[in-house]
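Read in order, the letters of the sequence shown correspond to residues 444 to 917 in our numbering.
Report on the structure given below.
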Amino acid sequence: MSTFKPNALRRLSTVLSIGKAPMPAPAGVSTLASFLSKAKEDYLSDIRATPSKGGKWTVVMGNEAGDLDSVASSIAFAWVHSEIQKKPCIPLIQIARDDLNLRAENLYALNLAGIDKPHEQLLSTTDLDGIQPFPSNTFALVDHNRLAPSFSAGNKNPTVVAVIDHHEDEDLYKSAFPRQIEPAGSCSSHMANIYPTESEMPKELADLLLCAILVDTNGLITEGKARPVDYNAAASLIPRSSLRDTIHATALSSLSKDSHALFSLIPEVKQLSDTLDAKKSDVSHLGAWDLLRRDYKEYTFTLRWHPSAPSIKAGLATVPVKLKAWGSGGRLEDAAQRWMAHRKLSVLGVLTSFRDNSWGKRGNGKHRREMAWFVRDGTEAQTLPLDEVAARLWAGVEANREVKVTRHKKMELAGVPSSVRARAYKQGNASATRKVTAPLLRYIMEAEADPEPQTEEVPTPADTAATSRAGESS
Ligand SMILES: [Mn+2]
Numbered sequence: 444m445s446t447f448k449p450n451a452l453r454r455l456s457t458v459l460s461i462g463k464a465p466m467p468a469p470a471g472v473s474t475l476a477s478f479l480s481k482a483k484e485d486y487l488s489d490i491r492a493t494p495s496k497g498g499k500w501t502v503v504m505g506n507e508a509g510d511l512d513s514v515a516s517s518i519a520f521a522w523v524h525s526e527i528q529k530k531p532c533i534p535l536i537q538i539a540r541d542d543l544n545l546r547a548e549n550l551y552a553l554n555l556a557g558i559d560k561p562h563e564q565l566l567s568t569t570d571l572d573g574i575q576p577f578p579s580n581t582f583a584l585v586d587h588n589r590l591a592p593s594f595s596a597g598n599k600n601p602t603v604v605a606v607i608d609h610h611e612d613e614d615l616y617k618s619a620f621p622r623q624i625e626p627a628g629s630c631s632s633h634m635a636n637i638y639p640t641e642s643e644m645p646k647e648l649a650d651l652l653l654c655a656i657l658v659d660t661n662g663l664i665t666e667g668k669a670r671p672v673d674y675n676a677a678a679s680l681i682p683r684s685s686l687r688d689t690i691h692a693t694a695l696s697s698l699s700k701d702s703h704a705l706f707s708l709i710p711e712v713k714q715l716s717d718t719l720d721a722k723k724s725d726v727s728h729l730g731a732w733d734l735l736r737r738d739y740k741e742y743t744f745t746l747r748w749h750p751s752a753p754s755i756k757a758g759l760a761t762v763p764v765k766l767k768a769w770g771s772g773g774r775l776e777d778a779a780q781r782w783m784a785h786r787k788l789s790v791l792g793v794l795t796s797f798r799d800n801s802w803g804k805r806g807n808g809k810h811r812r813e814m815a816w817f818v819r820d821g822t823e824a825q826t827l828p829l830d831e832v833a834a835r836l837w838a839g840v841e842a843n844r845e846v847k848v849t850r851h852k853k854m855e856l857a858g859v860p861s862s863v864r865a866r867a868y869k870q871g872n873a874s875a876t877r878k879v880t881a882p883l884l885r886y887i888m889e890a891e892a893d894p895e896p897q898t899e900e901v902p903t904p905a906d907t908a909a910t911s912r913a914g915e916s917s
């Protein structure tokens, strides 16, 4: 906080002087929760009775990591589409129902937004298990911008009608409208900023979006990932959120546009952010298996350099605890083998992000990252050119000047079978998140020419550095 000037602090302390007593929560059912329950019930009854009825629905999804940003953004989109634009729209949370429990910060924020039985109120992939092809073909994407293959496989005319995101633009779906893919700390900020001004936003939705923004920007601190779009979003959300009852109204209206960075100093905002952060950081109850699937994304690559150009599946798991604390003694190798077999993966990257001297809790130590990679010759599909793929991966990762890896001497990964190759690294650049690693992996796997580690730099997209400040990945 040392970057704030004393006069700005004084200004803030005068405008934020009084906090009114918290108002009791209004009686009755949450607007947002009843909307979600009804949408889920209607959607499931439509597709179960007459599968073709799925065609009248727009299915909106966040990414398959199922983080709060994805959950909040997809719910916000569905609300606007259904309740304001009067077109049927259902948010699909891209994780299994039981996996909702892996993110305590999500449960907390959903509960704050009146969604107190998310397992019942939200549509998850578990609700659609075994239904092939996917029962709807109109999609909206938030918090990612490429439709996963399982939604288009065997599906007639799958169409992406809208994209709102803050990841690297993959240049797809050019006729989608809106199609807004711009850097931001949180996709939820885009959702707040494009909310129709003439319509009232339910308090619960403001709470949900605000929580997501706080999680993604470390509480809107100036040293974090927050950008002007995030501050603008928070400025519009706070007066509509349940914080409006505890923060004095004049305090908010007095915050001028250029002092939005001071949001992190409002006690009520800081308290909410600290609570979410504590929930998110406490993964001490999770073992290796849960840690691998808690924050996980999956990709399909075509090995164009190989004569038969096979397609493979690869996964990237982000884990907020250092490898040695949960993966030593063969635990990482074991969990990785099981997860790869379960997901039919040829490549798995485990990306850790943590602070020194901390066990899953936020400490004051230095922010560090590690990578562990596994390449596996699966028996499910075609035989993988195992050693060629592994050699490309090691060479490509080791040559990359953005991640700056060195071999991890304390993680030998000796406990893998002969059909698996594995290597662990320490990352020299702790700011390079999965937003950097995912495009790098795609490049290494798909580039037709051999990556030349000695003479040629492996490129990473120009805009990734800007979206990958220190902190957790998105
Ligand atoms: Mn996001």
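We put the beta carbon where it would ideally sit given N, CA and C, even for glycine.
Worksheet item: When the Cα atoms are used, what is the spatial distance from Lys804 to Glu613?
Response: Reliability fails at Lys804, whose pLDDT of 46 lies under 50, so the model's placement of it is uncertain and the value that follows must be treated cautiously. Distance between the alpha carbons of Lys804 and Glu613: 34 Å.
Discussion item. Alpha carbons only, please: which of Arg774, Lys756, Ser751 and Asn549 is nearest the one belonging to Glu741?
Written reply: Comparing Cα positions, the closest option is Lys756.
Practice prompt. Determine the burial state of His610: buried for a count of at least 16 other Cβ atoms within 10 Å of its Cβ, exposed for fewer.
Written response: By the neighbour-count criterion, in which a residue is buried when 16 or more other Cβ atoms sit within 10 angstroms of its Cβ, His610 is buried.
Fill in: Cα-Cα separation between Pro440 and Asn598, rounded to whole angstroms
Here the chain covers residues 444 to 917 and nothing more, so residue 440 does not appear.
Item to complete: Pull up the distance between the alpha-carbon of Ser874 and that of Ser567, whole angstroms please.
Response: So the alpha carbons of these two residues sit roughly 32 Å apart.
Worksheet item: Between which two residues does the alpha helix (DSSP H) containing Gln870 stretch?
Response: Counting along the chain, Gln870 sits inside no alpha helix (DSSP H); it lies in the beta strand (DSSP E) bounded by residues Val863 to Gln870.
Fill in: Asp512 CB to nearest heavy atom of ligand 1 below 6 Å
Checking the Cβ of Asp512 against ligand 1 gives yes.
Practice prompt. For Gln714, count neighbouring Cβ atoms within 10 angstroms of its own Cβ and tell me buried if that reaches 16, exposed if not.
Written response: Looking at its Cβ environment, which holds fewer than 16 other Cβ atoms inside 10 Å, Gln714 is exposed.
Discussion item. If I measure Cβ to Cβ from Glu813 and keep anything under 7 Å in the same chain, skipping five residues before and after, which residues do I get?
Written reply: Hits under 7 Å: Lys765, Leu766, Thr795, His851, Ala867, Tyr868, Lys869 and Gln870.
Practice prompt. Put Pro763 into one of helix, strand or coil per three-state DSSP.
Written response: Of the three classes helix, strand and coil, the one that applies to Pro763 here is coil, per DSSP.
Item to complete: Might you give, ordered along the chain, the residues of its own chain that have their beta carbon closer than 7 Å to the beta carbon of Lys853, omitting 5 neighbours on each side?
Response: So the list reads Lys767, once near-sequence residues are dropped.
Worksheet item: For Leu652, which of Ala881, Ser707 and Ser629 has the nearest alpha-carbon?
Response: The shortest C-alpha separation from Leu652 is found at Ser629.
Worksheet item: Taking C-alpha atoms, which residue in Ala838, Leu555 and Asp799 lies nearest to His810?
Response: The shortest C-alpha separation from His810 is found at Asp799.
Worksheet item: Using DSSP with H/G/I as helix, E/B as strand and the rest coil, what is Asp688?
Response: Helix.
Fill in: Touch test, the stretch 653-662 against the stretch 504-517, Cβ-Cβ under 8 Å, three pairs minimum
Judged by pairs of C-beta atoms under 8 Å, the stretch 653-662 touches the stretch 504-517, as three or more such pairs exist.
Discussion item. DSSP three-state label for His785, please.
Written reply: Under the three-state reduction of DSSP output, His785 falls in the helix class.
Worksheet entry | Alpha-carbon to alpha-carbon, Pro682 and Arg885 | Whole-angstrom Cα-Cα distance: 42 Å.
Discussion item. What I want to know is whether the C-beta of Cys630 ends up closer than 6 Å to one or more non-hydrogen atoms of ligand 1.
Written reply: Cys630: yes, Cβ under 6 Å from ligand 1.
Practice prompt. Specify the secondary structure class of Ala678 as computed by DSSP and reduced to three states.
Written response: Three-state DSSP puts Ala678 in a helix.
Practice prompt. Ignoring anything shorter than 3 residues or poking outside the stretch 571-634, list the beta strand (DSSP E) runs there in chain order.
Written response: The qualifying runs are 581-585, 602-608 and 622-624.
Worksheet entry | Given Met634 as reference, the closest of Trp732, Leu827 and Ala521 once Cα atoms are compared | Ranking Trp732, Leu827 and Ala521 by Cα distance to Met634 puts Ala521 first.
Worksheet item: Counting Cβ pairs, one atom from each stretch, are 3 or more of them under 8 Å apart for the stretch 581-601 and the stretch 547-562?
Response: They do not touch, by the three-pair rule.
Discussion item. Per the DSSP calculation, Leu756 is bridged to which residue(s)?
Written reply: Here residue 756 turns out to be Lys, not Leu, going by the sequence shown. Residue pairing for Lys756: DSSP places it in a beta bridge opposite Thr743.
Worksheet item: So is Arg491 buried or exposed if we call it buried at 16+ other beta carbons inside 10 Å?
Response: Result: exposed.
Worksheet item: Using CA coordinates, which residue listed in Leu759, Arg835 and Val606 is at the minimum distance from Gly505?
Response: Nearest option by C-alpha distance: Val606.
Practice prompt. Quick one: measure Cβ to Cβ for Asn636 and Leu615, integer angstroms, because I've assumed they're closer than 8 Å.
Written response: At roughly 23 Å, the Cβ-Cβ gap does not stay under 8 Å, so Asn636 and Leu615 are not in contact.
Fill in: Asp612 beta carbon near ligand 1 (any heavy atom closer than 6 Å)
Short note on Asp612: C-beta not closer than 6 Å to any heavy atom of ligand 1.
Discussion item. So, with DSSP's three-state summary, where would you put Trp816?
Written reply: Strand.
Item to complete: Compute the Euclidean distance between the alpha carbons of Gly806 and Trp769, then round it to the nearest angstrom.
Response: Below a pLDDT of 50, predicted positions are generally treated as unreliable, and Gly806, at 48, falls in that range; the measurement from the model is reported next regardless. The alpha-carbon atoms of Gly806 and Trp769 are separated by roughly 17 Å.
Worksheet item: In the structure shown, what three-state DSSP assignment does Arg850 receive?
Response: DSSP, reduced to helix, strand and coil, places Arg850 within a strand of the structure shown.
Worksheet item: According to DSSP, which residues form a beta bridge with Cys532?
Response: Within the DSSP secondary-structure output, Cys532 pairs in a beta bridge with Thr501.
Worksheet item: In angstroms, rounded to a whole number, what distance separates the CA positions of Leu961 and Val790?
Response: Missing from the structure shown is residue 961; the chain here goes from 444 to 917 and no further.
Worksheet entry | Assigned secondary structure, Val859 (DSSP; H/G/I helix, E/B strand, else coil) | Looking at Val859 - three-state DSSP - the assignment turns out to be coil, as it is neither helix nor strand.
Discussion item. Alpha carbons only, please: which of Gly858, Ala815 and Ala857 is nearest the one belonging to Glu841?
Written reply: Out of Gly858, Ala815 and Ala857, Ala815 has the C-alpha closest to the C-alpha of Glu841.
Worksheet item: For the candidate residues Leu545, Ser751, Leu511 and Asp485, whose alpha-carbon lies nearest to that of Leu555?
Response: Of the candidates Leu545, Ser751, Leu511 and Asp485, Leu511 places its Cα closest to the Cα of Leu555.
Item to complete: Check each candidate in Thr849, Leu479, Ala784 and Arg877 and name the one with the smallest Cα separation from Val863.
Response: Considering only alpha carbons, the answer is Ala784.
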